[in-house]
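Okay, so here's the structure we're looking at.
Number of protein chains: 2
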Amino acid sequence: MKKTSFTLVFLLISYFSFAQFAGMMRGQQAEALPEGFKPSSTNTFLALYPAVNAQTRQAVFKVVAPTANTVQVDLCNKKYDMTKDDKGVWTCMSDPQVVGFHYYAILIDGVAVMDRNTKAFFGSNWMSSGIEIPEGPEGDYYRFDKNIPHGQVRSIYYWSELNGMERHINVYVPAEYEQQSDKSYPVLYLVHGWGEDENGWANQGHMANIMDGLIASGKAVPMIVVMPSGDIQTNPELRQAQGDISQIYVQDLLPYIDQQFRTKTDKQNRAMAGLSRGGFQTCMTVSANLDKFGWMGTFSGFFVRGDNSLETAFNGLFKDPSEFKRQIRLLYISTGTEENTPKAQVVALKAKGIDNIVYSESQGTAHEWLSWRRALNEFAQLVFK
Amino acid sequence: MKKTSFTLVFLLISYFSFAQFAGMMRGQQAEALPEGFKPSSTNTFLALYPAVNAQTRQAVFKVVAPTANTVQVDLCNKKYDMTKDDKGVWTCMSDPQVVGFHYYAILIDGVAVMDRNTKAFFGSNWMSSGIEIPEGPEGDYYRFDKNIPHGQVRSIYYWSELNGMERHINVYVPAEYEQQSDKSYPVLYLVHGWGEDENGWANQGHMANIMDGLIASGKAVPMIVVMPSGDIQTNPELRQAQGDISQIYVQDLLPYIDQQFRTKTDKQNRAMAGLSRGGFQTCMTVSANLDKFGWMGTFSGFFVRGDNSLETAFNGLFKDPSEFKRQIRLLYISTGTEENTPKAQVVALKAKGIDNIVYSESQGTAHEWLSWRRALNEFAQLVFK
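Those protein sequences? They're chains W and S, same order as listed.
232 is the number of the first residue of the first sequence in our numbering; add one for each residue after it.
232 is the number of the first residue of the second sequence in our numbering; add one for each residue after it.
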């Protein structure tokens, strides 16, 4: 095998990239970006584009592709044609977007790929580009606050006997967890949506910043948050046999967490919530394990078709309102106003006498992460109280 | 904004993808893959390709791109032309590869992009595709072992005053850390290479599996491993002023770690090591802070040009051999046999009387992650003893 003169290459690359980088950050950034635009917070550290405008809520994209015939951006169900300059750099500006996080793709001659400029976010079963349309002061709750203590997101692989494979989870512990070595904590199981994975809440959802802020301000009680993989990384034979992955959560994951962490193990100190498909999984899991969970939340994920099926849905969870209220302290249901809402079902449940429901609509957002950050921010203030 | 009939779409997608997935896993996988090939361990859970052959060390790639004119794979400095079938699926088979992890790119009509089939790995300053050529039993040391206890990799954001921004680190704690609440641990600071980030050692390097195995077998002492961002995510003004990021490590990170974790804080219990540029940063940081570090390792990263400069390199670290040996318990230097080696410098150092060096060559590997997994596996057995 040919030996490469690596040292020289290394030094050249180092100095070149450093000089380029330093120059870029010392003023060229302001020149290069159109008035009012800043790099999206989802970009890799070096990338100026995509750039976003907080006032107009538009995004500008750039793709270096001198040899391509057509380049497009596919963002929120619209394809934007890009135009090429004489250096082979393609550009376009989007329509105004809903604030918050959106997945998107670049189409190189019609082939959907990731934009090299952004970090990778797992959605729709692939590593996708993401963009964040800023939304002003409201967003502070999910941004890093240097003035408060911060919890940790712990990446753990554990063996699932039921699944016959190791499974990856992320577990948030509050800032005080290390210092309070005699204290036990309530646990929220928090699940992502279809085509996403166990990293979604930490990466796209900024859940650690949200929880850090709520706990530091006393709005939420300190809690452990467990984020498992609720979707594709599950042995399909098992899923086909059981219809959902409740058994993995309850038989394998839950005892593992109670063994590895200082948890309160009664049902009043255990909650489950999820977004979209994870909301469906929450309803399936909690209704089949009412001895284990006392609180539940479903964010853009309360899927019951028609009022009639409320009797039979989720193992008959809603059949007997007084029994439901005895078993479940709170059912939180949220939705974005720009997606199909479960309002009719909520009205029907309340008419049946199930009134321990908090129903929340996220104004101006669709089936997307800003709806779910807002939902977590609300739900976490309600549980374990 | 148009409301989407999300519920229906969700259910259709769910059932379709589930059926497809279950079918694929129940036998179609064996049919679809050529004899002797298995999905690369770096693939997303659903993806059959790229597929790798442990015997021939070849890889087969597939890209769905009906509208592209040419598609290539760019792997280890060679571009492979792919051929298209009548469904627009492009295929090629690589030459035999060096075992271990390699970054690669897909070229769609000449534009380098990520392969949608793999997880994303940050390298060369972008989220890159990766492939893992299996290597038989040797690789067991970096694979998940269900029969031993597992440590945690903790994802933490901390505020760096010096840098004027929050910085992300990963911190490995051994499996026993939670149970031994009175015990303090030695600390290894472990840095990635150029264009990579603080996630490299955990993702590409499988460092947690390596450390779990060494600690469980008693070959390494239980230790904390801190993995900071040593490259691009650093305020460039600061880097330009200081030439390297030693100050961020020593002034901001080190006290933070000693405050947040149960660490042993004397220099005999603090080591630093890094790969490639991280090895260079290790030499710069340790030599400027001999009161703080007692052990050092540089994996494919011992960059000293010519014997003469050994006198002046790294703040005069090697000028006085007896002083070096008084300050540094061990200098570990490793390299792959298929890259430029620092053997001449090691010989020169030993000739000067600096004999507390362990020099190691990784057989058959180049400037790539298998060299560095092997190096960590060796170095971790040598430190803190």
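C-beta: ideal position from N, C-alpha, C; glycine also.
Would you say residue i and residue j are within 8 angstroms of each other, going by their C-beta atoms?
i              : j              : result
T314 (chain W) : C307 (chain W) : no
L506 (chain W) : F524 (chain W) : no
P351 (chain S) : V344 (chain S) : What sits at residue 351 (chain S) in the sequence shown is Ala, not Pro. In this structure, V344 (chain S) does not lie closer than 8 angstroms to A351 (chain S) by Cβ.
V302 (chain W) : I339 (chain W) : yes
H598 (chain S) : E554 (chain S) : no
I441 (chain S) : L613 (chain S) : no
F511 (chain W) : E427 (chain W) : no
A447 (chain S) : A439 (chain S) : no
D483 (chain S) : L393 (chain S) : yes
G319 (chain W) : A285 (chain W) : no
Y408 (chain W) : G449 (chain W) : no
P270 (chain S) : A278 (chain S) : yes
M454 (chain S) : L419 (chain S) : yes
N348 (chain W) : N274 (chain W) : yes
G331 (chain S) : I364 (chain S) : yes
Y416 (chain S) : K495 (chain S) : yes
S391 (chain S) : I476 (chain S) : no
V618 (chain S) : N401 (chain S) : Residue 618 (chain S) is absent from the model: chain S starts at 232 and stops at 616.
I588 (chain S) : L601 (chain S) : no
R508 (chain W) : W425 (chain W) : yes
Checking contacts by CB at 8 angstroms: is residue i closer than that to chain S?
i              : result
V304 (chain W) : no
Y388 (chain W) : yes
K377 (chain W) : yes
K454 (chain W) : A small fix is needed here, since residue 454 (chain W) is Met in this sequence, not Lys. M454 (chain W) does not count as touching chain S.
L277 (chain W) : yes
M201 (chain W) : For residue 201 (chain W) there is no data in the structure shown, the boundaries of chain W being 232 and 616.
S412 (chain W) : yes
N300 (chain W) : yes
E409 (chain W) : yes
A186 (chain W) : No answer is possible for residue 186 (chain W): it lies beyond the span of chain W, which begins at 232 and ends at 616.
R605 (chain W) : no
With 8 angstroms as the threshold, decide whether the Cβ of residue i is near any Cβ in chain W.
i              : result
R385 (chain S) : yes
F237 (chain S) : Only weak support is given to the placement of F237 (chain S): the predicted model assigns it a pLDDT of 41, under 50, and the value that follows is read from those uncertain coordinates. Interface residue, yes.
H381 (chain S) : yes
Q491 (chain S) : yes
E397 (chain S) : yes
A451 (chain S) : no
A447 (chain S) : no
E599 (chain S) : no
On the CB-based measure, 16 or more other CB atoms within 10 Å of its CB, does residue i come out buried or exposed?
i              : result
V291 (chain W) : buried
R398 (chain S) : buried
V535 (chain S) : buried
V578 (chain S) : exposed
D586 (chain W) : exposed
A250 (chain W) : Note on A250 (chain W): pLDDT 38, under 50, position unreliable in the model; no value is reported.
G267 (chain S) : exposed
K310 (chain S) : exposed
V329 (chain S) : buried
F443 (chain W) : Looking at the sequence provided, one finds Asp at residue 443 (chain W) rather than Phe. Result: buried.
T543 (chain S) : exposed
G584 (chain S) : exposed
P265 (chain S) : exposed
A611 (chain W) : buried
S540 (chain S) : exposed
D346 (chain S) : buried
R501 (chain S) : buried
P368 (chain S) : exposed
If the cut-off is 7 angstroms on Cβ atoms, which residues from the stretch 320-349 of chain S count as contacting chain W, listed in chain order?
Listed in sequence order: I339, D340, G341, V342, V344, M345, R347.
Contact list for the stretch 283-298 of chain W against chain S, Cβ threshold 9 angstroms
Interface annotation for the stretch 283-298 of chain W against chain S: V294, V295, A296, P297, T298, criterion Cβ-Cβ distance under 9 angstroms.
What are the complete alpha helix (DSSP H) segments, minimum 4 residues, inside the stretch 531-567 of chain W?
Look at the stretch 531-567 of chain W and you find these whole runs of alpha helix (DSSP H), each 4 residues long or longer: 544-547, 552-558.
Uninterrupted alpha helix (DSSP H) stretches inside the stretch 420-507 of chain S (no shorter than 4 residues)
Complete alpha helix (DSSP H) runs here, min 4: 431-434, 438-447, 467-473, 485-491.
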